[in-house]
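All the letters of the sequence shown, read from the start, carry residue numbers 2 to 192 under the numbering used here. I have placed the structure first, in the form of structure tokens, so that the comments after it can refer back to it.
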Amino acid sequence: MSSSQSSQAALLNKIAWVITVVVLGLVVFMNRVSFEAPFDLGFLPGFHAIVNALTAVVLVYAYVKIRQKQVEAHKRAIYAAVGLSVVFLLSYVAYHMTNDPTLYGDLDHDGILSEAERLAVGQMRTIYLVLLLSHIVLAAGIFPFILFTFIRAYTGQFDRHKKMARWVWPVWLYVAVTGPMVYLMLEPYYI
Numbered sequence: 002m003s004s005s006q007s008s009q010a011a012l013l014n015k016i017a018w019v020i021t022v023v024v025l026g027l028v029v030f031m032n033r034v035s036f037e038a039p040f041d042l043g044f045l046p047g048f049h050a051i052v053n054a055l056t057a058v059v060l061v062y063a064y065v066k067i068r069q070k071q072v073e074a075h076k077r078a079i080y081a082a083v084g085l086s087v088v089f090l091l092s093y094v095a096y097h098m099t100n101d102p103t104l105y106g107d108l109d110h111d112g113i114l115s116e117a118e119r120l121a122v123g124q125m126r127t128i129y130l131v132l133l134l135s136h137i138v139l140a141a142g143i144f145p146f147i148l149f150t151f152i153r154a155y156t157g158q159f160d161r162h163k164k165m166a167r168w169v170w171p172v173w174l175y176v177a178v179t180g181p182m183v184y185l186m187l188e189p190y191y192i
């Protein structure tokens, strides 16, 4: 790697850390800051599930293309996956800044999970919470590594890119697949 590529990679890595801090800050504070949307954003959870599902499909396509040594198709697919992830993230934050949280099992939509509602959903609530928690933790944790993996390819560090992509890709795919699963489990409780 040339010195100009090295300095470009260093700058991009710093930018990736700044983006990571900003995004994680937004996600942490999105439920603390709320505002009235000019129109109903209640359609967004379904949109998020579609975007996550598309991301999963594109990630599998990207994997297939790189295994077939079709680097340009792989690159376009990864650009699409990153683009879909950005759309998801912006939309997700907008939704959560304008809507109250939805509770799994809240059949009467009052924002409180009564004992009767808790009993009605039983162990499915535990399954939902485990899936949701793994989805959230891995999404937050993998975010900077997606950026670093991308930067390594972008700056021509292909050996380092491949080493990182071997574990980043399956985690990213897990997050993309579990997003729609969480939505489908929570969907009956949206207002």
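Glycine included, C-beta positions come from ideal geometry on N, C-alpha and C. What you are looking at is a predicted structure, and each value in this text was computed from that prediction instead of being measured.
Check: Sorted by chain position, which residues of the same chain lie with C-beta nearer than 7 angstroms to Ala-154's C-beta, five sequence neighbours on each side aside?; Outcome: His-162
Check: Could you pull out every residue in the same chain whose Cβ sits closer than 8 angstroms to the Cβ of Leu-132, ignoring the five residues on either side in sequence?; Outcome: Thr-179, Met-182, Val-183, Met-186
Check: Which residue from Met-165, Val-29, Pro-46, Ile-51 puts its Cα closest to that of Ile-152?; Outcome: Met-165
Check: Expressed to the nearest angstrom, what Euclidean distance is found between the alpha-carbon atoms of Gln-124 and Glu-118?; Outcome: 12 angstroms
Check: Which residue wins for smallest C-alpha separation from Lys-15, given the options Val-59, Arg-77, Ile-67, Pro-145?; Outcome: Pro-145
Check: Going by alpha carbons, who is nearest to Val-83 out of Gln-71, Asp-109, Ala-63?; Outcome: Ala-63
Check: Can you tell me whether DSSP reads Ala-38 as helix, strand or coil?; Outcome: coil
Check: Decide if His-110 is buried, meaning its Cβ has at least 16 other Cβ atoms within 10 Å, or exposed.; Outcome: exposed
Check: Can you tell which of Leu-174, Ile-192, Arg-68, Met-98 has the C-alpha that lies nearest to the C-alpha of Val-59?; Outcome: Leu-174
Check: Sorted by chain position, which residues of the same chain lie with C-beta nearer than 7 angstroms to Ser-86's C-beta, five sequence neighbours on each side aside?; Outcome: Thr-56
Check: Run through the stretch 4-73 for me and flag every whole beta strand (DSSP E) of 3 or more residues, listed as ranges in chain order.; Outcome: none
Check: Flag this pair as yes or no: are the beta carbons of Ala-10 and Leu-148 separated by less than 7 angstroms?; Outcome: no
Check: Quick check: the stretch 101-109 against the stretch 61-78, are there 3 or more CB pairs under 8 angstroms?; Outcome: no
Check: In whole angstroms, what separates the C-alpha of Arg-1 from that of Ile-20?; Outcome: Residue 1 is absent from the structure shown; the chain starts at 2 and stops at 192.
Check: Within 10 angstroms of the Cβ of Ile-79, are there 16 or more other Cβ atoms? Answer buried if so, exposed if not.; Outcome: buried
Check: Go ahead and pull the three-state DSSP assignment for Ser-92.; Outcome: helix
Check: I need the boundaries of the alpha helix (DSSP H) containing Pro-171, first residue and last residue.; Outcome: 159-187
Check: Since Asn-52 and Val-88 are thought to touch, with beta carbons under 8 angstroms apart, how far apart are those beta carbons, to the nearest angstrom?; Outcome: A small fix is needed here, since residue 52 is Val in this sequence, not Asn. Rounded, the Cβ-Cβ distance is 6 angstroms, consistent with contact.
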